[in-house]
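To start, the structure under review is shown below, and the notes come after it.
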Amino acid sequence: VKIELAYPYKTVSGMFKVALIHEPKEWRGEELEIHINEARYPLRIDGNYMKANSRVEFGINTYHCLSKPDGEISFYVQCGSRQTPQINVTASSDHDLWSKIRLEMLKLPCLVGLPLDFSTFESLQHQIVPLGSTAESSFLEDGFIVIPQLIDEDLRMRAIEELDDITLSGYRGYIEGDSARIEHLHMLDGAFTEIFESTAIRKELKRLYGVEMLPCQTLTYKYGSQQGVHSDFVHLSTYPVNLMCGVWIAFEDVAVGAGELSVYKGSHMAKYLTMSSFRLPKVRNGDYSKFRTTFDSEWSRIASETEEVKAFLRAGDVLVWQANLLHAGNPRLDNKLTRKSCVLHYFANGAPVYYDSTGDIGFSGRMNTSNRA
Ligand SMILES: O=C(O)CCC(=O)C(=O)O
Ligand SMILES: [Fe+2]
2 VKIELAYPYK
12 TVSGMFKVAL
22 IHEPKEWRGE
32 ELEIHINEAR
42 YPLRIDGNYM
52 KANSRVEFGI
62 NTYHCLSKPD
72 GEISFYVQCG
82 SRQTPQINVT
92 ASSDHDLWSK
102 IRLEMLKLPC
112 LVGLPLDFST
122 FESLQHQIVP
132 LGSTAESSFL
142 EDGFIVIPQL
152 IDEDLRMRAI
162 EELDDITLSG
172 YRGYIEGDSA
182 RIEHLHMLDG
192 AFTEIFESTA
202 IRKELKRLYG
212 VEMLPCQTLT
222 YKYGSQQGVH
232 SDFVHLSTYP
242 VNLMCGVWIA
252 FEDVAVGAGE
262 LSVYKGSHMA
272 KYLTMSSFRL
282 PKVRNGDYSK
292 FRTTFDSEWS
302 RIASETEEVK
312 AFLRAGDVLV
322 WQANLLHAGN
332 PRLDNKLTRK
342 SCVLHYFANG
352 APVYYDSTGD
362 IGFSGRMNTS
372 NRA
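Given below as structure tokens:
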């Protein structure tokens, strides 16, 4: 039996995911005991589940293991006389946020079963953490804000150069002219890494949210995404609900006909739609067909009741949207026009992160992209 971090990153906050790997033939159904720092917890995963899968994933609610926001967590699993190797991780959280969320998170079990659902946290949702008191009222009311000229010229030009090289060389199967997004370019140790680690962006987000926001991914587009109207929350969920944001960066002036981004003013105030809103089972094996038919029409309906704002950003401008704000990529009216841009999603440092659509524990972001485990 062995355990490993299911996300091979060094810094975690809120919750993290581990995988317990065992050989089904050898599994004898012994009692498992998890040792986390000084504490011991029985691991309650039923026998059939264990027998059917050689890899069992579960989450650890770090709010149970730490008595201060930052610290080392070491853990191993005891399995009869056998014991897995010890794993050590460093948890980091924003102090203010951590202390606000901790009392509520202590009501949940230390070992979090998967899949996770919005309803797990629903009873705790009354405790919404207010956004930064220094945020513009337009951000609070509209659900988005444009910050002009946040990305400097040199970085922007290098990002364009890298994006052109990458797309023209067919990186990971990308076909020139396609609307597809290119994931994880910040892992290449280039301009996108600098964007991922940008302190200029984080400084603005700290002002808007009052706590440190950390990026979890980059999604880069050479052409318009043509994505239908949607909210990101069901895919990138937090407890409390409002602790995620999208950051949209324009690398070039957005041209008419290139499939500009639209945002829907005030739509972030609408109900947070989750799988349980529609009594849908979690998405399995990437099959979003049921998801599409239910969510898409409801999102379109809400969008039609709000004002659409077309985001014709200038090169270097950044648009920040709140977790539940509806947005869409318009159809590309002129297929030759590029719309070089990048989206990052940020989570508040210390917010428990999960993906309501799949029930998975989320990767909650960290700053250092080097030393990948
Ligand atoms: O850039 C776009 O057109 C939309 C991207 C988007 O919705 C996202 O990345 O969350
Ligand atoms: Fe989105």
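Here the sequence shown is numbered in this note's numbering, starting from 2 and rising by one per residue. For each residue, glycine too, the CB sits at the ideal point set by N, CA and C.
| According to the Cβ coordinates, are A40 and T63 closer than 8 Å? | Translated into the one-based positions of the sequence shown, residue 40 becomes position 39. Translated into the one-based positions of the sequence shown, residue 63 becomes position 62. Contact: no.
| said: Can you confirm whether the segment 174–193 touches the segment 117–126 when touching is taken to mean that 3 or more C-beta pairs between the two stretches lie within less than 8 Å? | reply: The segment 117–126 and the segment 174–193 do not touch, with fewer than 3 CB-CB distances between them shorter than 8 Å.
| Can you give the beta carbon distance from C80 to V2, rounded, assuming they're within the 8 Å contact cut? | Working through the sequence shown from its first residue, we reach residue 80 at position 79. Working through the sequence shown from its first residue, we reach residue 2 at position 1. Sure, about 5 Å apart at Cβ, within 8 Å.
| message | What does DSSP give as the partner residue(s) for F296 in the beta ladder? | response | Indexing the sequence shown from 1 puts residue 296 at position 295. The beta-bridge partner set that DSSP reports for F296 is empty.
| Reference C217; option with closest CA among V242, Y210, L186, Q228 | For this step, residue 217 is matched to residue 216 along the sequence shown. Ranking V242, Y210, L186, Q228 by CA distance to the CA of C217 puts L186 first.
| said: Looking at G360: is its Cβ nearer than 8 Å to the Cβ of L115? | reply: Within the sequence shown, the letter at position 359 stands for residue 360. Within the sequence shown, the letter at position 114 stands for residue 115. In this structure, G360 sits near L115, with a CB-CB distance shorter than 8 Å.
| request: In the DSSP assignment, find the unbroken beta strand (DSSP E) run with M245 in it and report its ends. | output: Along the sequence shown, one-based indexing puts residue 245 at 244. From DSSP, the beta strand (DSSP E) with M245 extends over 245–251.
| message | Determine whether the beta carbon atoms of A316 and D254 lie at a separation below 8 Å. | response | Residue mapping note: residue 316 aligns to position 315 of the sequence shown, counting from 1. Residue mapping note: residue 254 aligns to position 253 of the sequence shown, counting from 1. Yes; because the gap between Cβ atoms is below 8 Å, this pair is in contact.
| request: Please indicate yes or no: does the CB of G260 lie closer than 7 Å to some heavy atom of ligand 2? | output: Taking the first residue of the sequence shown as position 1, residue 260 is located at position 259. No, the beta carbon of G260 sits no closer than 7 Å to any heavy atom of ligand 2.
| query | Do you know whose CA, among D318, D165, F364, R103, lies nearest D153's CA? | reply | Within the sequence shown, the letter at position 152 stands for residue 153. Nearest C-alpha to D153: D318.
| task | Please report the residue range of the alpha helix (DSSP H) in which A201 lies. | result | The residue given as residue 201 occupies position 200 in the sequence shown. Boundaries of the alpha helix (DSSP H) around A201: 200–210.
| Within 8 Å, strictly: CB atoms of V57 and L206 | Position 56 of the sequence shown, counted from the first residue, corresponds to residue 57. Position 205 of the sequence shown, counted from the first residue, corresponds to residue 206. In this structure, L206 does not lie closer than 8 Å to V57 by Cβ.
| query | Does ligand 3 have even one heavy atom less than 7 Å from the beta-carbon of L320? | reply | Looking for ligand 3 in the displayed structure turns up nothing; the ligands present are ligand 1 and ligand 2.
| field | Exposure label - N89; buried when at least 16 CB within 10 Å | value | Taking the first residue of the sequence shown as 1, we reach residue 89 at position 88. Counting Cβ neighbours within 10 Å, N89 comes out exposed, since fewer than 16 surround it.
| task | State yes or no: is the C-beta of W249 nearer than 7 Å to some heavy atom of ligand 1? | result | The residue given as residue 249 occupies position 248 in the sequence shown. For ligand 1, at least one heavy atom lies less than 7 Å from the Cβ of W249.
| message | With a threshold of 7 Å (Cβ to nearest heavy atom), would Y222 be considered close to ligand 1? | response | Locating residue 222 in the sequence shown gives position 221, where the first residue counts as 1. Because some heavy atom of ligand 1 lies under 7 Å away, the Cβ of Y222 counts as near it: yes.
| request: Express the C-alpha separation of T219 and L21 in angstroms, rounding to a whole number. | output: Counted from its first residue, the sequence shown places residue 21 at position 20. Counted from its first residue, the sequence shown places residue 219 at position 218. Between L21 and T219, the C-alpha separation is close to 29 Å.
| request: Give me the Cα-Cα distance between S238 and V248, rounded to the nearest whole angstrom. | output: The residue you call residue 238 lines up with position 237 of the sequence shown. The residue you call residue 248 lines up with position 247 of the sequence shown. If you draw a straight line from the Cα of S238 to the Cα of V248, it is about 16 Å long.
| I161 bridges to which residues according to DSSP? | By one-based count along the sequence shown, residue 161 stands at place 160. Beta-bridge analysis with DSSP links I161 to no other residue.
| request: Flag this pair as yes or no: are the beta carbons of L117 and H65 separated by less than 8 Å? | output: Walking along the sequence shown from the start, residue 117 turns up at place 116. Walking along the sequence shown from the start, residue 65 turns up at place 64. For L117 and H65, no; Cβs fall outside 8 Å.
| field | DSSP bridge partner residues for T221 (one or two, in chain order) | value | Position 220 of the sequence shown holds residue 221. I183, C343.
| field | First and last residue of the uninterrupted beta strand (DSSP E) at M16 | value | By 1-based counting over the sequence shown, the position of residue 16 is 15. Start and end: 16–22.
| field | alpha helix (DSSP H) runs wholly inside the segment 248–289, at least 4 long, in chain order | value | If you keep only unbroken alpha helix (DSSP H) runs of at least 4 residues inside the segment 248–289, you get nothing at all.
| 8 Å Cβ cutoff met for S94 and S14 | Locating residue 94 in the sequence shown gives position 93, where the first residue counts as 1. Locating residue 14 in the sequence shown gives position 13, where the first residue counts as 1. By the CB criterion at 8 Å, S94 and S14 fall inside the cutoff.
| said: Taking the alpha carbon of L98 as the reference point, which residue from D71, G171, S75 has its own alpha carbon closest? | reply: Position 97 of the sequence shown, counted from the start, is the residue given in the question as residue 98. Looking at D71, G171, S75, the one whose alpha-carbon comes closest to that of L98 is D71.
| The beta strand (DSSP E) with F59 in it runs from where to where? | In the sequence shown, counting from the first residue as 1, residue 59 sits at position 58. Run containing F59: 56–62, per the beta strand (DSSP E) assignment.
| Hey, how far is the Cα of V257 from the Cα of I148? | Indexing the sequence shown from 1 puts residue 257 at position 256. Indexing the sequence shown from 1 puts residue 148 at position 147. Distance from the CA of V257 to the CA of I148, rounded to the nearest whole angstrom, comes to 20 Å.
| query | Do the segment 225–236 and the segment 172–187 make contact, defined as three or more Cβ pairs closer than 8 Å? | reply | Verdict: yes, contact present.
| request: Please go through the segment 110–153 and give each complete alpha helix (DSSP H) segment of 4 or more residues, from N-terminal end onward. | output: Secondary structure in the segment 110–153: the alpha helix (DSSP H) runs of 4 residues or longer, each lying completely within the stretch, are 119–123, 138–143 in chain order.
| field | 8 Å contact criterion, which T325 and L215 should meet: CB distance rounded | value | The residue you call residue 325 lines up with position 324 of the sequence shown. The residue you call residue 215 lines up with position 214 of the sequence shown. At residue 325 the sequence reads Asn, which differs from the Thr that was named. The pair is not a contact, with the Cβ atoms about 19 Å apart (cut-off 8 Å).
| said: Determine whether the beta carbon atoms of Y273 and V230 lie at a separation below 8 Å. | reply: Sequence index remark: in the sequence shown, residue 273 carries index 272 (1-based). Sequence index remark: in the sequence shown, residue 230 carries index 229 (1-based). Their beta carbons are not under 8 Å apart, which means Y273 does not touch V230 by this criterion.
| request: Might you give, ordered along the chain, the residues of its own chain that have their beta carbon closer than 7 Å to the beta carbon of S139, omitting 5 neighbours on each side? | output: In the sequence shown, counting from the first residue as 1, residue 139 sits at position 138. The residues are I146.
| Is it the case that the Cβ atoms of L209 and A352 are separated by a distance below 8 Å? | Along the sequence shown, one-based indexing puts residue 209 at 208. Along the sequence shown, one-based indexing puts residue 352 at 351. No, they are not a contact pair.
| field | Secondary structure of S75, DSSP reduced to three states | value | Walking along the sequence shown from the start, residue 75 turns up at place 74. Shown here, S75 sits in a strand according to DSSP, grouped into three states.
| field | Residue nearest to Q68 in terms of C-alpha spacing, selected from L44, V344, L104, L314 | value | The count along the sequence shown starts at 1 and reaches residue 68 at position 67. For the sequence presented, residue 68 should be read as Ser rather than Gln. Of the listed residues, the one whose Cα sits closest to S68 is L104.
| task | Report all residues from its chain with a CB closer than 8 Å to the CB of F59; omit the five preceding and five following residues, and keep chain order. | result | Locating residue 59 in the sequence shown gives position 58, where the first residue counts as 1. Excluding sequence positions up to five before and after F59, its CB lies within less than 8 Å of the CB of K18, V19, L21, L44, I46, L112, V113, G114, L115, all in the same chain and listed in chain order.
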